[in-house]
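Single-structure report; data block below.
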Amino acid sequence: MASEAGPFIKSGGLGDVAGSLPKALMAQGVDVRVVMPKYNTIDVAKLEGIKEVAKFEVTLDWRKPVARVLELNNGNVPVYFIENDHYFSRGHLYGSGDDFERFAFFSKAAVAMLASIDFQADIIHFNDWQTGLGCVYLADIYRNFVFYENTKSLFTIHNLQYQGQFGRDILPQVGLNDGYFVNDKLEFHNTASYMKAGLTYSDYISTVSETYAQEIQTPSYSYGLDGMLKARSHQLIGIVNGIDYTENDPATDTRLFATYDTQNMAGKAINKAELQKQLGLPQRPDVPIFAIISRLVEQKGLDLISACMHELLQRDLQIVVLGTGSVQYEHLFWGTAHHHPQKLSANIMFDINLAQKIYAASDFFLMPSLFEPCGLGQLIAMRYGSLPIARKTGGLADTITHYDYNNGAGCGLLFEDYLASGLIWAVDEALSLYGDGNSEHFAVARKNAMSADFSWDASAKEYVKLYNQIKAKKV
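If you count the sequence shown from 1, you need to add 23 to reach my numbering.
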């Protein structure tokens, strides 16, 4: 159960995971179904063959909005959409004043749907704060019914920073009484927290990398929830995300200027030259391209890049930026590109086709995150032979190994302290590794990166082990 899922609609890593993991689970023999809202912004071409399979009322206080359940089953993972025009025909996913009600409705409808379609799930896998109340509804309402008495729950944290915090007065509006507004339930700094609901009422908790699972049990990364996460540490596990290796394959990707693989890298050089031409950068194969494909927000280390931008531009390099976000960072890149058009290309937008071209053309991928639950950008970059430069945190620490000149192992460059000087050090290490682009060590590191396996296969096996462990748990 997720508030977004590719390929239908996504705003970030949650949508990627909800779209890719179920396919890998199905390949492992799991009978898996996806449930998500039916937003009016979903491309209707992606919904061909959809049909109604259930319709029922959902009780929220005195209101009883209708949930229409639509099924799309085209031979892959069955996907169920919860339709209600009042809640999901907004032209956007998040940011409405009644998000507390929209996602309470979705969560409750998604749980109730199982009985309506007669699918008796062993485990409901909830994702992020938007589905947090679903854990409450399952534990305190639906498990009282025979149909759900053996149904367990897993709640996955994709980013603990976003917690879904609302005023105390919303509780009766989502069918919960004031007894839930206590410290060992939903109350969190005098708000009702949907994230805390998921953490409190789920049978198990997972997050998207092993290091992040440890980090969120400390005050620096927990946003105030370290106490309860430490208390539940025996039911907390980290499983690193993967990426879709069919969709992200430089040997077959039709969005590129030219395809390539580890046995024939000529196409990567073509991608670099063509991207430089398209973006108005000097066509120099001897100068490395450093890519930034990201939400332009503080979490992604943009304040570090801002602090050392002048110093970066003293180096012989090119920077290509793609993304949108905080105005201050958008203006930083726009302004820098205006004054240094030979050095930096600012593409303040998101375009998946351009993103793939940048991954394929770039030599290095900048990801100096303040924190990173898992990160997908570095995994895609490695797949396309762009070496990640990252801070050693969260999923970046779990997926990137610093290149070692002594044994030729490693696939990127890591720095530890969250300081601009650390980022500059890593960039200088990258420039030394690159040389003029023909360095033997650079070629080895690039091949290592492209050969690393971050497909969903291994992660899906870990989820299957966890599901079996949860299934065996006594309620």
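C-beta atoms are modelled at their ideal positions from N, C-alpha and C, and glycine is treated no differently. Computed from a predicted model, the values in this text were never measured in an experiment.
Coil, strand or helix - residue i by DSSP
i	result
Lys175	strand
Tyr103	strand
Asn461	coil
Phe7	Since the first residue of the chain shown is 24 and the last is 498, residue 7 is not available in this structure.
Phe128	helix
Lys87	coil
His109	helix
Asn63	coil
Ile146	strand
Ile140	coil
Thr154	helix
Ser229	strand
Val55	coil
Glu80	strand
Ile32	strand
Lys69	helix
Lys496	coil
Ser474	helix
Glu27	coil
Leu93	strand
Cut-off 6 Å between Cβ atoms - residues of its own chain near residue i, not counting five sequence neighbours on either side
i	result
Val76	Val92, Glu94 and Ile140
Gly460	Pro308 and Asp309
Pro101	Arg56
Lys470	Thr285
Met218	Trp152, Gly155, Gln186 and Gly187
Phe356	Val344 and Ala369
Tyr268	Ser478
Ala296	Gln306
Asp145	Lys494
Cut-off 7 Å between Cβ atoms - residues of its own chain near residue i, not counting five sequence neighbours on either side
i	result
Lys501	With the chain running from 24 to 498 in the structure shown, residue 501 is simply not present.
Val320	Gly348 and Ser349
Phe465	Leu456, Tyr457 and Gly458
Ile193	Phe123 and Ala215
Ile403	Ile266, Asn271 and Tyr382
Glu27	Lys33, Ser34, Leu37, Gly38, Ala41, Met59 and Leu116
Pro189	Reading off the sequence shown, one finds Phe at residue 189, where the question assumed Pro. So the list reads Phe123, Thr214 and Ala215, once near-sequence residues are dropped.
Lys74	Leu93 and Glu94
Ala220	Gly155, Leu156, Cys158, Val159 and Leu209
Whole-number beta carbon distance between residue j and residue i, since they are thought to touch under 8 Å
i	j	result
Ala330	Pro308	At roughly 30 Å, the Cβ-Cβ gap does not stay under 8 Å, so Ala330 and Pro308 are not in contact.
Met136	Val197	Between Val197 and Met136 the Cβ distance is about 17 Å, and since that is not below 8 Å, they are no contact.
Leu44	Ala483	7 Å
Leu393	Gly324	6 Å
Tyr426	Gly433	4 Å
Leu437	Pro391	About 10 Å separates the two Cβ atoms, so there is no contact after all.
Phe280	Lys380	7 Å
Leu367	Ile328	The Cβ separation is near 11 Å, so there is no contact.
Asn523	Ala384	Absent from the model: residue 523. The displayed extent of the chain is 24 to 498, so no value can be given.
Glu353	Ile375	About 19 Å separates the two Cβ atoms, so there is no contact after all.
Proximal residues to residue i (C-beta, below 8 Å), its chain only, five neighbours per side dropped
i	result
Met473	Pro273, Asp284, Thr285, Met405, Arg406, Tyr407 and Gly408
Ala378	Ile316 and Leu345
Pro195	Asp84 and Asp201
His428	With the sequence shown as reference, residue 428 is identified as Tyr, and His is not the correct amino acid for it. His464, listed in sequence order.
Val231	Gly36, Val40, Thr179, Ile180, His181, Gly261, Ile262, Val263, Asn264, Pro396, Cys397 and Gly418
Asn99	Lys46 and Met49
Arg255	Leu222 and Ile228
* **Three or more C-beta pairs below 8 Å linking the region 129-142 and the region 76-83** => yes
* **Every unbroken alpha helix (DSSP H) inside the region 299-348 [4 residues or more]** => 325-335
* Asked: Can we say the region 405-423 touches the region 217-236, given the rule of at least three CB pairs closer than 8 Å?
  -> yes
* To do: Please confirm if the region 392-412 is in contact with the region 310-319, defined as three or more CB-CB distances below 8 Å between the two stretches.
  => yes
* Asked: Are the region 50-66 and the region 476-487 in contact at 8 Å, needing three or more beta carbon pairs?
  -> Taking a cut-off of 8 Å for Cβ pairs, the region 50-66 and the region 476-487 touch, as three or more such pairs fall below it.
* Asked: Per the contact definition of three or more C-beta pairs closer than 8 Å, is the region 450-458 in contact with the region 332-346?
  -> yes
* Check whether the region 194-206 touches the region 173-181, counting contact only when three or more Cβ pairs, one atom from each stretch, lie closer than 8 Å. => no
* To do: Indicate whether the contact test is met: 3 or more Cβ pairs, each with one atom in the region 30-43 and one in the region 59-67, closer than 8 Å.
  => yes
* Flag this pair as touching only if the region 181-194 and the region 145-155 have three or more C-beta atom pairs under 8 Å; answer yes or no. => Enough Cβ pairs lie closer than 8 Å, so yes.
* Mind the definition here: the region 67-75 touches the region 111-123 only if three or more C-beta pairs lie below 8 Å; say whether that holds. => no
* Touch check for the region 224-232 and the region 155-164: three-plus C-beta pairs under 8 Å? -> yes
* To do: Jot down the residue ranges of each uninterrupted alpha helix (DSSP H) in the region 235-306, minimum 4 residues, whole runs only, in chain order.
  => 242-245, 249-254 and 289-302
* Write down every uninterrupted run of the alpha helix (DSSP H) in the region 354-406 whose length is 4 residues or greater and which is fully enclosed by it, in chain order. => 375-384 and 400-406
* Unbroken alpha helix (DSSP H) runs of length 4 or more, entirely within the region 402-454: which are they? -> 417-422
* To do: Write down every uninterrupted run of the beta strand (DSSP E) in the region 162-219 whose length is 3 residues or greater and which is fully enclosed by it, in chain order.
  => Runs found: 175-180 and 214-216.
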